[in-house]
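S.K.:
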Amino acid sequence: MDIKEDIKTEENIKTLIYAFYDIVRKDELLSPIFNEVIKKDWDTHLETMCRFWSTMLLYSRTYKGDPMSKHIPLILSNEHFERWFLLFTETVDKLFQGKTANDAKRAAENIGRIMQKVKGINTKN
1 MDIKEDIKTE ENIKTLIYAF YDIVRKDELL SPIFNEVIKK DWDTHLETMC
51 RFWSTMLLYS RTYKGDPMSK HIPLILSNEH FERWFLLFTE TVDKLFQGKT
101 ANDAKRAAEN IGRIMQKVKG INTKN
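Going by full-length UniProt numbering, the first residue of the sequence shown is number 1, and it counts up by one from there.
(1) Name the residue from Ile72, Ile13, Thr44 and Arg106 whose alpha carbon lies nearest to the alpha carbon of lysine 119.
(2) Return the first residue and the last residue of the alpha helix (DSSP H) that glutamine 116 is part of.
(3) Contact defined as beta carbons within less than 8 Å: I believe phenylalanine 85 pairs with alanine 101. What is the distance between those atoms, to the nearest angstrom?
(4) Determine the contact status of arginine 51 and threonine 62, defining contact as a CB-CB distance below 8 Å.
(5) Counting along the chain, where does the alpha helix (DSSP H) carrying phenylalanine 85 start and finish?
(6) Would you grab the beta carbon distance between leucine 87 and aspartate 27 for me? Rounded to a whole angstrom, and I think it's under 8 Å.
(7) What is the DSSP secondary structure of tyrosine 21, reduced to helix, strand or coil?
(8) With distances taken Cα to Cα, identify the nearest neighbour of glycine 112 among Thr89, Asp93, Leu95 and Gly98.
(9) In angstroms, rounded to a whole number, what distance separates the CA positions of aspartate 6 and methionine 49?
(10) Out of curiosity, what's the CA-to-CA distance linking leucine 29 and isoleucine 38?
(11) Does the beta-carbon of leucine 74 have 16 or more other beta-carbons within 10 angstroms, so that it is buried, or is it exposed?
(12) Return yes when the Cβ of isoleucine 121 is within less than 8 Å of the Cβ of serine 77, no when it is not.
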C-alpha cells in the first residue's frame, strides 16, 4: 500500500494544482471552457489557483479576489461541475492523503455546490 503525505506546504499545493490543471487542459469536456477563458495566460491562472487553495487549506491569506464573479458569465452545466469535482478529487487522492487532503475535497464539493446555486443550475443531489 502506497503511503502518501498530507497537504502541508505551499509546494504540496503547487503539486496538486499543477497536476489537476494538467488533467483539465486535456479533458474533452472542461478544456474548451478553460482554454477559452484563460487563453494563453495559464501561468497567471495557476499562480492564482495556488494562492486560492493555499488560503483555503493552509490559511496563508495570500489570495485576494472574488472567484464567484469570474464564473458567473460562463455557460456551465451540472455535468461541468461534476467532471471538475471528479477530476479534482481523483487528483487529490492520487497524490495525498490525510486531514487536509480530505478538507480539499470537501472544499471543492462546497465550492461547486455554491457556484451551481449562484448560477441557478439544478443539481442531482
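From the three backbone atoms N, C-alpha and C, an ideal C-beta is built for every residue, glycine too.
M.R.: Taking the definition as stated:
(1) Ile72
(2) 99-119
(3) Not a contact, Cβ separation roughly 15 Å.
(4) yes
(5) 78-95
(6) 7 Å
(7) helix
(8) Thr89
(9) 19 Å
(10) 15 Å
(11) exposed
(12) yes
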